[in-house]
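In our numbering, the protein residues as written are 8 to 344. Before any comments, here is the structure.
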Amino acid sequence: MKKIIVSILAMGMAFSLAACGSKNSDTADKAAETNKVTAENKEADKPENITIQTLNGNKESVEMKVPYDPQRIAVLDMASLDILDSLNLGDRVVGAADTSLDYLQDYVTNENITNLGTIKEADLEAVMSCEPDVIFIGGRLAASYDALSEIAPVVYLSTDTEIGLVESVNKNVTTIASMFGMEDQVNTLMKDFDSRIEKLSAFAEGKTAIIGMCTSGGFNVLGNDGRCSLIGKEVGFENIGTDANIDTSTHGNEASFEFVVEKNPDYIFVMDRDAAIGTDGAKLAQDIMENELIMGTDAYKNGNLVYLEHPAVWYTAEGGVHALNLMLQDLENALLK
Numbered sequence: 008m009k010k011i012i013v014s015i016l017a018m019g020m021a022f023s024l025a026a027c028g029s030k031n032s033d034t035a036d037k038a039a040e041t042n043k044v045t046a047e048n049k050e051a052d053k054p055e056n057i058t059i060q061t062l063n064g065n066k067e068s069v070e071m072k073v074p075y076d077p078q079r080i081a082v083l084d085m086a087s088l089d090i091l092d093s094l095n096l097g098d099r100v101v102g103a104a105d106t107s108l109d110y111l112q113d114y115v116t117n118e119n120i121t122n123l124g125t126i127k128e129a130d131l132e133a134v135m136s137c138e139p140d141v142i143f144i145g146g147r148l149a150a151s152y153d154a155l156s157e158i159a160p161v162v163y164l165s166t167d168t169e170i171g172l173v174e175s176v177n178k179n180v181t182t183i184a185s186m187f188g189m190e191d192q193v194n195t196l197m198k199d200f201d202s203r204i205e206k207l208s209a210f211a212e213g214k215t216a217i218i219g220m221c222t223s224g225g226f227n228v229l230g231n232d233g234r235c236s237l238i239g240k241e242v243g244f245e246n247i248g249t250d251a252n253i254d255t256s257t258h259g260n261e262a263s264f265e266f267v268v269e270k271n272p273d274y275i276f277v278m279d280r281d282a283a284i285g286t287d288g289a290k291l292a293q294d295i296m297e298n299e300l301i302m303g304t305d306a307y308k309n310g311n312l313v314y315l316e317h318p319a320v321w322y323t324a325e326g327g328v329h330a331l332n333l334m335l336q337d338l339e340n341a342l343l344k
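Spelled out as structure tokens, the structure:
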């Protein structure tokens, strides 16, 4: 009798477990089907295009329709490539311009990424061959805007000294992130920059500076209207090297060393353009600057002749997220020791 009861109980348990397993399997199948439907709905909800604010070939701000969540990206601007890399979208890049920037070398050495020429001269056939959904350019290729637009929509972003470099980076990151539905990542990428600027600003208060660029064996002074404007505009050194009404936005204005001596600033900041672009046989900035005249200035005597450590970043990638981090590091390392 006991054997019969045990046998009945065992059969009951087996039936119960089978039913439970079947029920769990049904639940799992339903969950998988729900997830599939949800994913399909999300995909269906994605817009085909999105309207962004960008520049046209005349450097005028315009609204433009671009593909949403583009899968194939051609990049001819290092600041834009920097931002795409920071958003972990590097796997979408099918073509990129050549660069000497260490942290973007994967886009140069990867055999699956087409070389598109340089940030100053695009290889139009190469751009066409990689069949991009969208193309990113910077100011150096503004003249090629129309030709590139025949291949794919062109996103032309720049920095604006009126609003400052940090705000420009924030604006451009937001624009690019919106093209991929990644707006929620912008604050994370930009979160520390304002506090770092505040510390540098506290140090710079009341101090004068000449900001310049060594190129072709000479020294050009820079204002707050272009390259290196971060130092005078946001960090807040009083830039005494140029008149506010003089345009220095491209390569600055050539200055004599006697001029620097006459101004006698508290700090001299130097960006080595020849090192940035790898000019063969060029003199190093240190060889140009450390002459008898400059060595007589207060800046030199007080150890305040600052060579920007990452000249290629300052010259070719100003406007990128990682670039901004490195630029601030250059200033922090020199000033906040």
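Yeah, the Cβ is synthetic: ideal placement off N, Cα and C, and Gly gets one too. These numbers were taken from a predicted model, which means no experiment stands behind them.
So what's residue i in DSSP terms, helix, strand or just coil?
i      : result
Gln78  : coil
Val193 : helix
Ser260 : Residue 260 is actually Asn in this sequence, not Ser. If DSSP states are grouped into helix, strand and coil, Asn260 belongs with the strands.
Ala129 : strand
Ala159 : coil
Gly239 : helix
Thr168 : coil
Glu205 : helix
Met135 : helix
Asn119 : coil
Asn179 : helix
Leu148 : helix
Asp186 : Here residue 186 is Met; the residue named in the question, Asp, does not match the sequence. Here Met186 sits in coil by DSSP.
Asn340 : helix
Asp52  : helix
Asn332 : helix
Using 10 angstroms around the beta-carbon of residue i, count the other beta-carbons present and answer buried if the total reaches 16, otherwise exposed.
i      : result
Ile170 : exposed
Thr222 : buried
Pro272 : buried
Ala209 : exposed
Thr195 : exposed
Asp201 : exposed
Met302 : exposed
Ala184 : buried
Val69  : exposed
Pro77  : buried
Leu335 : buried
Lys240 : buried
Leu343 : exposed
Ser151 : buried
Glu325 : buried
Gly224 : exposed
Asp84  : buried
Ser58  : The sequence shown places Thr at residue 58, rather than the Ser named in the question. Exposed, by the Cβ-count rule.
Asn298 : exposed
What does residue i pair with, by DSSP beta-bridge criteria?
i      : result
Asp279 : Cys221
Met71  : Ile59
Phe143 : Val82 and Val162
Ala154 : According to DSSP, which records beta bridges pairwise, Ala154 is partnered with nothing at all.
Phe226 : Cys221 and Ala262
Val268 : Paired residue(s): none; Val268 is not in a bridge.
Gly124 : Ala129
Asn231 : BP columns for Asn231 are empty, so no partner.
Thr215 : Glu245
If contacts are defined as beta-carbon pairs under 8 Å, then residue i and residue j qualify, I think. What distance do you get, rounded to the angstrom?
i      : j      : result
Asp279 : Pro318 : 4 Å
Thr181 : Gly233 : At roughly 23 Å, the Cβ-Cβ gap does not stay under 8 Å, so Thr181 and Gly233 are not in contact.
Gly102 : Thr121 : 4 Å
Val267 : Leu315 : With 8 Å as the limit, Val267 and Leu315 do not qualify as a contact, their Cβ atoms being about 17 Å apart.
Val73  : Val115 : With 8 Å as the limit, Val73 and Val115 do not qualify as a contact, their Cβ atoms being about 25 Å apart.
Ala282 : Ala292 : 7 Å
Tyr274 : Ala216 : 4 Å
Arg99  : Ile80  : 5 Å
Met296 : Phe226 : 7 Å
### Query
Unbroken beta strand (DSSP E) runs of length 3 or more, entirely within the region 77-116: which are they?
80-83 and 100-103
>> Extract the residue ranges of the beta strand (DSSP E) inside the region 273-328, only unbroken runs of 3 or more that lie entirely within it.
In response: 274-279 and 312-314
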